[in-house]
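Chains as they are written, first to last, in my numbering: chain A, 19 to 480; chain B, 19 to 480.
Read the structure below first, then the notes.
What follows is the structure, given as structure tokens:
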């Protein structure tokens, strides 16, 4: 057990060491328990919906298992009632989209495969008892091979993978069981009804008790990603052009927030796939353009790659001297702050599902600052400088200019999405003299998380 | 159906239009069928292992359903034999790692939950018929809530998520069924044995017939990602410093290969999680350091972000004029070619699981070229140039210098991994006068895909 021992331990006998190990055991156990308790608390605090979900699962399973305890309910289905309990365990997922996707897949697949299974059983019995297993095995083999191959199609894998599995499962269950039990039709009917009950119970619990709409999560996550980039760009100017070395460590975490954007692609795709199953809820209609969120997400990620390049100049060993950096400081900081402003504005209005031109104004001012930066670079301010020392500062300037283009593209995509999803139109920030729309804006901000905007109420203030 | 109609169609009656629609139907159907056939063919050609997997699933299910057809086998388990078929449908996955993970999770969870379920049933019956359902429901509720919450722990989610679900499922099945059927012990035993049979059948089919080792896929994928970056860097020099505009479109796809590296994080993590379940196979031991592959993957991705920044200068509207680019062409191209060489060398030796110093030599020469580039930038070659025009070229130079650092880090991580995984040591490329090791190298190259290197055969040629 103990490969590495200290000289002191080596001198003592194995019994003494064993005793020491045993003595340290309660401490180790205590530490481990404390750590798990701490992690559990953090997990619950980070997202209290997790605790609610766990309680929902418990409730749904307990409710459905009542079928088993009450005589009149049990008499209808007998042992098949157990399928309802199993269905709840499997189908009830964290979000409404995932639950609906799994539930519909399971119900539809069971219905189709049950019908096919009964058909296969009838066909096989016609051929006589001898040939029946051969025919059944052939059917099962063909269905299993074809369906398994279909699961590899990317579109099928994204939305119907679970249904395909249940299809094979139910087909095997019904057609093979038929060999021993002639009441296949009853079995298929019972299986379908119990799965229907289980799925409906899951859906009711999932939707009616503190529902978690994955579409809303996707909406917030896309907005949050823009906000993360904005935070970086806001802090970047001060961090890069700072003269002294103080406060280097304090806001490192603040500057690293954008890194999660770099690898957000797969989680966004999963969320969009689930969101497409969801019913209309709150401000999101049934045919909400979830696919366009992926486009905005991709453009945000492209911007994050530029930000990553910018970040590498913060920590680079080769730095331009402070006086060279000082020369581009003013316009560079302004571009970065205006970019940050544009992203923050977009993140905030996007989150509130409002269409405004306020971000465009920030982009315009950043473009103006960019022109200043360019003309500054054109002047011969630089003649005496060493080119090698200048390169990092010049690269930073060039990256900052590229980021403007990225943000322009994001803004376009956000606008397109806003139009397709009928976001509320508002130009409150453009025309601050209109008290009505400002008030509305404020109300909106307070009830931020609930997002109580009704479907497509277009307030045209122009 | 047809919201948008041409004026011509509008003038004709609805019957004529209906006829036209019906006439076009067979054509549409034909087109659709052809498209699906084309896609199916491509899916099979891209990875023929998919076809093999589909056949394996068909075979395993058919084999296990024999239990149902043959009297002596059926007598042992009765209707429970169906659980074996269901287990095969659910457990048999594309790769050995995924199948082992699911199979072990399912078996272990069934065993533990079955035992607990029997215990809960015994405890509940002691309290009398009246209070039994209340006690059972309480047990089920507590187990469901606690287990569902545990599923949120990231480590549990990555490896034991399926097991946790089966745990709830089996516990409910055994404890709740016990209320109607007193032979819970027999039920738990039957369920466990049939799941054991199903899981073992899946594992045997999965491992014995053309096994797909996900660890090998991860190994190849990490090497391929390095190769993709190498391909970009190889082509970059020619593309960026080319004088005329010809052949711009031809090798665009060649230059875009690296983009898949940017978003490879989640697939690599999934593969590593599955790979950890796999037994030792071929050159990969049971405790192969799969986690270190993630480190190499992360560093490769960091390098890909730089390459992405480099790529943006290829397509940028703001370009340095050809004469400015011409000034840095020679050392810049050399750095990029040497970096590409280092990555190619690493990709190839990593794939073959050999440790050599050949990549280090490429890195050394790229560093020499970098020094040349730096001293070139220091000279006053540039005085007459416009700074704004110079910036893109200077940024490219700076990025190329940064890429060397990235590759240095990758090389270190690859070396660490090579040591931890006991890669074969070879310096064939360093000392080409040793015919033995060269021959070995050649043999290795031919049987590239099979990777027949035995465990840790260390050929020290020094």
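Beta carbons are placed, not taken as given, at the ideal position from N, Cα and C, and that holds for glycine.
Exercise. CB-CB under 7 Å to residue 298/B, same chain, minus the five flanking residues each way: which ones, in chain order?
Worked result: Numbered from 1 along the second chain, position 280 holds the residue referred to as residue 298/B. Excluding residues up to 5 positions away in sequence, 304 lie with their Cβ nearer than 7 Å to the Cβ of residue 298/B in the same chain.
Exercise. Are residue 349/B and residue 411/B touching if we call contact CB-CB under 8 Å?
Worked result: As a working note, residue 349/B is residue 331 in the second chain. As a working note, residue 411/B is residue 393 in the second chain. Contact: no.
Exercise. Is the Cβ-Cβ distance between residue 138/A and residue 185/A less than 8 Å?
Worked result: Here the question's residue 138/A lines up with position 120 in the first chain. Here the question's residue 185/A lines up with position 167 in the first chain. Cβ distance not < 8 Å, so residue 138/A and residue 185/A don't count as in contact.
Exercise. What number of angstroms, rounded off, separates the C-alpha of residue 356/B from the C-alpha of residue 240/A?
Worked result: As a first step, residue 356/B must be located in the second chain, where it is residue number 338. As a first step, residue 240/A must be located in the first chain, where it is residue number 222. Going by the C-alpha atoms only, they are around 39 Å apart.
Problem set entry | Presumed contact (8 Å Cβ cut-off) between residue 79/B and residue 114/B, rounded CB distance | Sequence index remark: in the second chain, residue 79/B carries index 61 (1-based). Sequence index remark: in the second chain, residue 114/B carries index 96 (1-based). The Cβ separation is near 18 Å, so there is no contact.
Exercise. What does residue 302/A pair with, by DSSP beta-bridge criteria?
Worked result: Position 284 of the first chain, counting from 1, holds the residue named residue 302/A. DSSP lists 299/A as partners of residue 302/A.
Problem set entry | Proximity test, Cβ basis, 8 Å: residue 171/B and chain A | Here residue 171/B refers to the residue found at position 153 of the second chain. With 8 Å as the cut-off, residue 171/B counts as an interface residue toward chain A.
Problem set entry | residue 66/A at chain B interface by Cβ criterion, 8 Å | What you label residue 66/A is simply residue 48 of the first chain in a count that begins at 1. For residue 66/A, the answer is no, since every Cβ of chain B falls outside 8 Å of its Cβ.
Problem set entry | Anticipated Cβ contact below 8 Å, residue 252/A with residue 358/A, distance rounded | Here residue 252/A is taken as the residue at index 234 of the first chain, counted from 1. Here residue 358/A is taken as the residue at index 340 of the first chain, counted from 1. Indeed they touch by this definition, with Cβ atoms about 4 Å apart.
For this session: Could you check how far apart the C-beta atoms of residue 407/B and residue 339/B are, in whole angstroms? I think they sit under 8 Å.
Result: On the second chain, residue 407/B is found 389 positions in, with the first residue counted as 1. On the second chain, residue 339/B is found 321 positions in, with the first residue counted as 1. With 8 Å as the limit, residue 407/B and residue 339/B qualify as a contact, their Cβ atoms being about 6 Å apart.
Problem set entry | residue 354/B at chain A interface by Cβ criterion, 8 Å | For the purposes of this step, residue 354/B is taken as the residue at position 336 of the second chain. False, the Cβ-Cβ gap to chain A never drops below 8 Å.
Problem set entry | Residues near residue 292/A in its chain [Cβ-Cβ closer than 7 Å; skip 5 each side] | As a working mapping, residue 292/A is identified with position 274 in the first chain. For residue 292/A, where only same-chain residues beyond five positions count, the Cβ hits under 7 Å are 113, 115, 116, 119, 232.
For this session: Starting from the Cα of residue 375/B, find the closest Cα among 423/B, 418/B, 155/B, 433/B and give me that residue.
Result: As a first step, residue 375/B is located in the second chain; it is residue number 357 there, counting from the start. Considering only alpha carbons, the answer is 433/B.
For this session: Would you kindly work out how many angstroms separate the C-alpha atoms of residue 37/A and residue 52/A, rounded to a whole number?
Result: Indexing the first chain from 1 puts residue 37/A at position 19. Indexing the first chain from 1 puts residue 52/A at position 34. C-alpha separation (whole angstroms): 24 Å.
Exercise. In whole angstroms, what separates the C-alpha of residue 426/A from that of residue 381/A?
Worked result: By 1-based counting over the first chain, the position of residue 426/A is 408. By 1-based counting over the first chain, the position of residue 381/A is 363. Taking the straight line joining both Cα atoms gives about 7 Å.
Exercise. With DSSP run on the structure shown, which of helix, strand or coil describes residue 370/A?
Worked result: Locating residue 370/A in the first chain gives position 352, where the first residue counts as 1. If DSSP states are grouped into helix, strand and coil, residue 370/A belongs with coil.
Exercise. Is the distance from the Cβ of residue 325/A to the Cβ of residue 276/A below 8 Å?
Worked result: Translated into the one-based positions of the first chain, residue 325/A becomes position 307. Translated into the one-based positions of the first chain, residue 276/A becomes position 258. Yes, these two residues count as a Cβ contact at 8 Å.
Problem set entry | alpha helix (DSSP H) segment containing residue 38/B, residue limits | Stepping through the second chain from its first residue, residue 38/B is reached at position 20. That run of the alpha helix (DSSP H) goes 32–64.
Problem set entry | Proximal chain A residues relative to residue 385/B, where beta-carbon distance stays under 9 Å | Sequence index remark: in the second chain, residue 385/B carries index 367 (1-based). What residue 385/B touches in chain A: nothing, since even the nearest Cβ is about 14 Å away.
Problem set entry | 6 Å CB neighbourhood of residue 328/A in its chain, flanking five on each side removed | Along the first chain, one-based indexing puts residue 328/A at 310. Closer than 6 Å at Cβ, skipping near neighbours: 417.
For this session: Work out the CA separation of residue 257/A and residue 341/A for me, nearest whole Å.
Result: As a first step, residue 341/A must be located in the first chain, where it is residue number 323. As a first step, residue 257/A must be located in the first chain, where it is residue number 239. The straight-line gap from Cα to Cα measures roughly 15 Å.
Exercise. Per DSSP, what kind of secondary structure is residue 168/A in: helix, strand or coil?
Worked result: What you label residue 168/A is simply residue 150 of the first chain in a count that begins at 1. Helix at residue 168/A.
For this session: Can you tell me which of 321/B, 378/B, 196/B, 155/B puts its alpha carbon nearest to the alpha carbon of residue 248/B?
Result: Position 230 of the second chain, counted from the start, is the residue given in the question as residue 248/B. Comparing alpha carbon positions, the residue from 321/B, 378/B, 196/B, 155/B closest to residue 248/B is 321/B.
Exercise. So residue 281/B packs on residue 175/A, CB below 8 Å; how close in whole Å?
Worked result: Here residue 281/B corresponds to residue number 263 of the second chain, with the count starting at 1. Here residue 175/A corresponds to residue number 157 of the first chain, with the count starting at 1. About 17 Å separates the Cβ atoms of residue 281/B and residue 175/A, ruling out a contact at the 8 Å cut-off.
Problem set entry | CB contact check: residue 23/A to chain B, cutoff 8 Å | Here residue 23/A is taken as the residue at index 5 of the first chain, counted from 1. Confidence at residue 23/A is low in this model, with a pLDDT of 42, below 50, so the placement of that residue should be treated as unreliable; the coordinate-derived value is given next. So, not an interface residue.
Exercise. Residue 442/A by DSSP, collapsed to three states: which one?
Worked result: Stepping through the first chain from its first residue, residue 442/A is reached at position 424. Three-state result, residue 442/A: strand.
For this session: Let me know the secondary structure DSSP gives residue 416/B once reduced to three states.
Result: The residue you call residue 416/B lines up with position 398 of the second chain. Looking at residue 416/B - three-state DSSP - the assignment turns out to be helix.
Exercise. Checking contacts by CB at 8 Å: is residue 410/A closer than that to chain B?
Worked result: Sequence index remark: in the first chain, residue 410/A carries index 392 (1-based). Interface residue, yes.
Exercise. What separation, rounded to the nearest whole angstrom, lies between the Cα atoms of residue 65/A and residue 307/A?
Worked result: Here the question's residue 65/A lines up with position 47 in the first chain. Here the question's residue 307/A lines up with position 289 in the first chain. So the two alpha carbons sit approximately 27 Å from each other.
For this session: Could you work out which residue in 272/A, 100/A, 54/A is closest to residue 168/B when comparing CA atoms only?
Result: The residue you call residue 168/B lines up with position 150 of the second chain. Nearest option by C-alpha distance: 54/A.
Problem set entry | is_contact[residue 55/A, chain B] using C-beta, thresh 8 Å | Walking along the first chain from the start, residue 55/A turns up at place 37. No, residue 55/A does not count as interfacial toward chain B.
Problem set entry | Three-state secondary structure assigned by DSSP to residue 230/A | As a working note, residue 230/A is residue 212 in the first chain. Residue 230/A: coil per DSSP, three-state reduction.
Problem set entry | Nearest neighbour of residue 173/A, chosen from 86/A, 203/A, 226/A, 287/A [CA to CA] | By 1-based counting over the first chain, the position of residue 173/A is 155. For residue 173/A, the nearest C-alpha among the options comes from 287/A.
Exercise. Residue range of the alpha helix (DSSP H) that residue 291/A falls in?
Worked result: The residue labelled residue 291/A in the question sits at position 273 within the first chain. Here the alpha helix (DSSP H) through residue 291/A covers 283–293.
Exercise. Whose C-beta lies closer than 8 Å to the C-beta of residue 394/B among residues of the same chain, with five residues either side of it excluded?
Worked result: Taking the second chain and counting its residues from 1, one reaches residue 394/B at position 376. The answer, listed in chain order, is 345, 346, 349.
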